Amino acid sequence: MTGVRDNGTGGSDLTKSEVDQILRLIDNAPFDVIEIGWKGLTLHLSRGETAAKRQSMPAPAGQPTSVAPEPAAPAAPDIAANAAADPAPVSDTRQDRPAPDNAVPADCTAIAAPTMGTFYRSPEPGADPFVDVGGHVDAGETLALIEVMKVFSSISAECSGVVREIRAQDGDLVEYGQTIFVIEADA
1 MTGVRDNGTG GSDLTKSEVD QILRLIDNAP FDVIEIGWKG LTLHLSRGET
51 AAKRQSMPAP AGQPTSVAPE PAAPAAPDIA ANAAADPAPV SDTRQDRPAP
101 DNAVPADCTA IAAPTMGTFY RSPEPGADPF VDVGGHVDAG ETLALIEVMK
151 VFSSISAECS GVVREIRAQD GDLVEYGQTI FVIEADA
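Under UniProt numbering, the first residue of the sequence shown is numbered 1, with each subsequent residue one higher.
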């Protein structure tokens with residue numbers, strides 16, 4: 001279920017691209033309900049059984065409202081009932097997405113995404129990347145940026161060393177905790 005309420009401050013002028021980005025982020029999020037407030041716009045998204053149980057959010061009198069129905073998501077399996085009836089493991093609804101490979105060599109440090117969002121290797125389009133494979137970095141140096149709804153967070157080196165791997169491409173959607181950089185620490 002999706003509910004959008006404009007408080008009359010012009011916040012409903014989101015572009016289709018921004019809405020698509022929000023929906024991609026929500027789809028990859030580890031939670032079922034989120035409410036986002038931005039520029040006077042309140043966006044409430046829920047999925048699964050939570051969406052089915054949630055009632056419509058009333059808009060204040062005189063305020064425009066738009067509610068777009070979402071296709072019903074399959075209900076979560078009853079784990080207790082399935083465990084008794086079938087010893088097979090219960091499948092995750094996100095099985096179609098491969099788990100990120102977070103393994104790193106013993107002499108290296110993994111640098112993980114601090115949040116879910118769009119990964120950028122350079123400070124702006126067309127600029128040189130912050131770092132390249134084989135390049136040396138100092139602890140605290142910016143390695144890349146992650147953008148979520150036009151808010152940028154930097155990924156910083158946790159140690160000094162040589163960048164051995166960059167596991168995301170510019171513009172990729174990365175997940176929280178996903179290993180993005182592998183750095184071989186200085187001895």
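Beta carbons: idealized from backbone N, C-alpha and C, even for Gly. Keep in mind it's a predicted model, so treat the numbers as computed, not measured.
| Query | Result |
| --- | --- |
| Taking a contact to mean a Cβ-Cβ separation below 7 Å, would you say Thr115 touches Ile146 in this structure? | yes |
| So what does Glu165 bridge to, in DSSP terms? | Val182 |
| What does the Cβ neighbour count give for Val137, buried or exposed, with the cut at 16 atoms within 10 Å? | buried |
| So who's on the other strand from Ala110, going by DSSP bridges? | Val182 |
| Take Ile180 and list the residues in its own chain whose beta-carbon comes closer than 8 Å to its own, dropping the five residues that flank it on each side. | Ile111, Ala112, Ala113, Phe119, Leu143, Ala144, Ile155, Ile166, Arg167, Ala168 and Val174 |
| Output the boundary residues of the beta strand (DSSP E) element that contains Val151. | Val151 to Ser156 |
| Once you ignore the five residues that flank Gly117 on each side, which residues in its own chain have a CB closer than 6 Å to its CB? | Ile146, Glu147 and Val148 |
| According to DSSP, which residues form a beta bridge with Phe119? | Ile146 |
| Classify Leu23: buried if its beta carbon has 16 or more other beta carbons within 10 angstroms, exposed otherwise. | exposed |
| Closer than 8 Å by C-beta to Asp128: which residues in its own chain qualify, once you throw out the five before and the five after it? Chain order, please. | Ser122 |
| With DSSP run on the structure shown, which of helix, strand or coil describes Ile133? | Residue identity differs from the one stated: residue 133 is Val in this sequence, not Ile. Three-state result, Val133: coil. |
| In this structure, does DSSP put Glu35 in helix, strand or coil? | strand |
| If we count the other Cβ atoms within 10 Å of its Cβ and call it buried at 16 or more, is Val19 buried or exposed? | exposed |
| Determine the contact status of Val104 and Val182, defining contact as a CB-CB distance below 7 Å. | yes |
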